[in-house]
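**Q** My questions all concern the structure below.
Residue numbers (the working numbering): 9 to 140.
Here's what the structure looks like:
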């Protein structure tokens, strides 16, 4: 192989190794692993599901629901509500933190390990995995 041809073949070979980036999917449940700097605790998963015109999930104790607007990498959650069960104080604190952080989310992306990240303007993101 000629010295000029080898770099071109290497570039083409590496281009074939790329994968399509994960997209934000509708009707897929995402399970939170981290809420900001805090790992998720408790037996009930903290979850988020986007449907065509609404968002809903479990906040650890209560079911929650609301609406969202998606524009490219920008996402905003609004009109959030939830059921009103009472759980252990730590779970309720986590639930409040999750719902509060959701109202401040401005954008989303997918990490190198295919983890969905919801970013507010400050601090660590909510990190979620697609439910298996």
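We treat Cβ as the ideally placed atom computed from N, Cα and C, and that holds for glycine.
Please read these numbers as outputs of a predicted model, since none were measured by experiment.
In chain order, what are the residue ranges of uninterrupted beta strand (DSSP E) at least 3 long that sit wholly in the stretch 29-83?
**A** 37-43, 55-58, 63-66, 71-79
**Q** Could you tell me the distance, in whole angstroms, from the CA atom of residue 120 to the CA atom of residue 50?
**A** Walking along the chain shown from the start, residue 120 turns up at place 112. Walking along the chain shown from the start, residue 50 turns up at place 42. Their Cα atoms are separated by approximately 27 Å.
**Q** What first and last residue would you give for the alpha helix (DSSP H) that runs through residue 97?
**A** The residue labelled residue 97 in the question sits at position 89 within the chain shown. Residues 97-112.
**Q** In whole angstroms, what is the alpha-carbon distance linking residue 68 and residue 99?
**A** To locate residue 68, count along the chain shown from 1; it is residue 60. To locate residue 99, count along the chain shown from 1; it is residue 91. Distance between the alpha carbons of residue 68 and residue 99 is about 6 Å.
**Q** Exposed or buried, residue 66, counting other C-beta atoms within 10 Å across all chains shown (16 or more means buried)?
**A** For the purposes of this step, residue 66 is taken as the residue at position 58 of the chain shown. Under this definition residue 66 is a buried residue.
**Q** If you drop the 5 nearest sequence neighbours on each side, which residues of the same chain put their C-beta closer than 7 Å to that of residue 103?
**A** One-based indexing of the chain shown puts residue 103 at position 95. Answer for residue 103: 67, 68, 69, 70, listed in chain order.
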